[in-house]
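Novice:
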Amino acid sequence: MSGIMVGHDGSNHSQTALREALALAQGLGEEVTVVRAFGLREIGIPAGLAPFGQVPSIDEIGEHVATALKRQIAPALADFEDVPVTVRAVPGKSAAVLIRESEGFRMLVVASRGLGGLDKLLMGSVSERVVALAPVPVLVTRSRSTDG
Numbered sequence: 001m002s003g004i005m006v007g008h009d010g011s012n013h014s015q016t017a018l019r020e021a022l023a024l025a026q027g028l029g030e031e032v033t034v035v036r037a038f039g040l041r042e043i044g045i046p047a048g049l050a051p052f053g054q055v056p057s058i059d060e061i062g063e064h065v066a067t068a069l070k071r072q073i074a075p076a077l078a079d080f081e082d083v084p085v086t087v088r089a090v091p092g093k094s095a096a097v098l099i100r101e102s103e104g105f106r107m108l109v110v111a112s113r114g115l116g117g118l119d120k121l122l123m124g125s126v127s128e129r130v131v132a133l134a135p136v137p138v139l140v141t142r143s144r145s146t147d148g
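Residue 56 in full-length UniProt numbering is what sits at position 56 of the sequence shown, and the numbering runs on without skipping anything.
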């Protein structure tokens with residue numbers, strides 16, 4: 001097992017998880033793989049409502065999501081230039097993608113809550129499911145900020 005995988009949903013909380021993963025990877029001499037799950041809902045195409053023939057392919061959507069993710073995480077990566085980073089956009093529901101894709105990694109890092117979290121919940125449903133079912137150790141980070 002090698003490398004650290006981090007789930008990133010675009011929230012400030014996932015930026016905290018990314019920074020923690022990068023710091024760990026730097027100290028351990030590991031590389032980081034940043035994974036964002038996506039579906040039609042996440043990219044603004046209502047399932048079943050897009051006109052036939054005008055929907056981009058899953059690969060095209062994945063490339064778009066990965067490009068947006070690279071832009072979003074660039075500031076954090078600039079602080080850890082010596083850590084090799086791979087970015088992946090994977091179709092599917094967040095928890096299922098993170099659980100499946102974490103196989104073979106040394107560790108998975110996720111935020112305690114993300115874009116869908118309610119402030120009164122200590123841990124979001126995705127992180128709770130990942131902790132319960134991931135095949136690798138999971139580090140759950142908490143953000144000090146109060147915004148999502």
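Idealized CB from N, CA, C, for every residue including glycine.
1. Which first and last residues belong to the beta strand (DSSP E) in which Leu-111 is found?
2. Which one of Arg-106, Gly-39 and Leu-18 has the shortest CA to CA distance from Glu-30?
3. Would you be able to state if there are at least three C-beta pairs under 8 Å between the segment 93–113 and the segment 56–76?
4. Report, in whole angstroms, the separation of the C-beta atoms of Leu-69 and Arg-36, which I expect to be a contact under 8 Å.
5. How big is the Cα-Cα spacing for Leu-18 and Pro-135?
6. Can you tell me where the beta strand (DSSP E) holding Pro-56 begins and where it ends?
7. Could you say which of Phe-38, Leu-24 and Gly-39 lies nearest to Val-32 if we only look at CA atoms?
Specialist: Result, derived from the coordinates:
1. The residue asked about is misnamed: residue 111 is Ala in this sequence, not Leu. Where Ala-111 is concerned, the enclosing beta strand (DSSP E) stretches over 107–111.
2. Arg-106
3. no
4. 5 Å
5. 20 Å
6. Element bounds for Pro-56: n/a, residue is neither H nor E.
7. Leu-24
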